[in-house]
Amino acid sequence: MKEHTTKFLRAIAYLYLAFPVTYLAYAAVLFNISSVRSGKIFFSFTYWALALTGIAVGYGFREMTRWAWNVFLVNSLFIAYANALIAMRYSESNNPFLAFLVSIGLLILLIFRLGKEIRVPYFLPRIRWWETNPRYKLSVPVKVERVGSGYEGEILDLSMGGCFIKTRTEMNQNERILSRFILFGEALEIGGTVVWRSQSSVTHPKGVGIKFDRLDKMQRRIMRAATGHLRKITSLQNTRGKMTPEEFNNRMAEMKAHRLGLE
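Numbered per the numbering used here, the sequence shown finishes at 291, counting up by one with no gaps.
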């Protein structure tokens, strides 16, 4: 999967691989730490425990492993804690509390930005229980063409950049495909590349993550409207407990039968 990541994500991966140096330099500038105090931080046990998780994050992002995102979140919590300690014990800034708040703001921005890169259907599909429950199932039948053959599957997670297709057909990493499907009344034909294959049905249904090729203007318009409607369906599901079963089923059927009417 790593060859399908963006330059930004690859740059972050290498910064984290050099975490023992990059984090200390970042902290020294942000908290105005002297070289003597930086040395004390560098040789502390807490710092190296943090640094090891940072290196793990860098490796995970570089190789696009399944665990990288979760380790990154844990490391981010450690960074927030370490920044608080540095602000209290080592900072020589005139306003260490402000520096700490800035560090938290930067950390939140990084989490949000990386989330947009990683938490996508073709890397980390989000398959909700109700999407695979026959009663509430929301999936899109898809016909997939490949060199020499084709097959049918179901799209269980979808975004502007790609999708996750549930299928038992074996596919190769980096294989080129053409997917044809109808989304809320709009027919789409989008090329893409297999960037991930789920090998087990424990955490995800067996299938493949597809990264779409660049969408044309009409495809972007349809996908933008469709993903917006999917968010409305998710919001409806989240309020299921506030409705009677009959009311919820009627609303869900209405939402699933919606037509975009863009063409």
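Note that CB positions come from ideal geometry on N, CA and C, so glycine has one too.
Cα-Cα separation, residue i to residue j
| i | j | result |
| --- | --- | --- |
| S207 | G189 | 13 Å |
| N277 | K270 | 13 Å |
| L134 | A55 | 12 Å |
| F89 | T272 | 44 Å |
| W95 | I69 | 28 Å |
| I205 | T33 | 19 Å |
| H257 | P169 | 17 Å |
| G82 | M116 | 22 Å |
| M199 | F47 | 36 Å |
| L58 | L43 | 17 Å |
| N98 | I238 | 22 Å |
| A39 | L142 | 11 Å |
| R174 | V223 | 15 Å |
| N122 | E203 | 56 Å |
| M167 | G219 | It should be pointed out that residue 167 corresponds to Ser in this sequence rather than to Met. Between S167 and G219, the C-alpha separation is close to 19 Å. |
For residue i, the three-state DSSP class (helix, strand or coil)
| i | result |
| --- | --- |
| G289 | coil |
| S226 | coil |
| S167 | coil |
| T50 | helix |
| E214 | strand |
| T221 | strand |
| L243 | coil |
| R38 | helix |
| R204 | strand |
| W97 | helix |
Residue-chain proximity (residue i, chain C), Cβ-Cβ < 8 Å
| i | result |
| --- | --- |
| Y118 | No chain C is part of this structure, which consists of one protein chain only. |
Residues of its chain near residue i, where Cβ-Cβ distance is below 8 Å and the 5 sequence neighbours each way are ignored
| i | result |
| --- | --- |
| V64 | none |
Residue i - partner residues in DSSP beta bridges
| i | result |
| --- | --- |
| R174 | S177 |
| D185 | F192 |
| G235 | K194 |
| F209 | V170 and L216 |
Own chain, CB closer than 6 Å to residue i, minus 5 neighbours either side, in chain order
| i | result |
| --- | --- |
| A41 | G86, F89 and R90 |
| R225 | V236 |
Contacting residues, own chain, Cβ-Cβ under 7 Å from residue i (five flanking each side not counted)
| i | result |
| --- | --- |
| E120 | N60, I61 and S62 |
| M283 | K260, I261 and L264 |
Fully enclosed by the segment 58-84, which beta strand (DSSP E) runs are 3 residues long or longer?
-> none
Can you list, in chain order, the stretches of the alpha helix (DSSP H) that have 4 or more residues and sit fully within the segment 107-158?
-> 124-146
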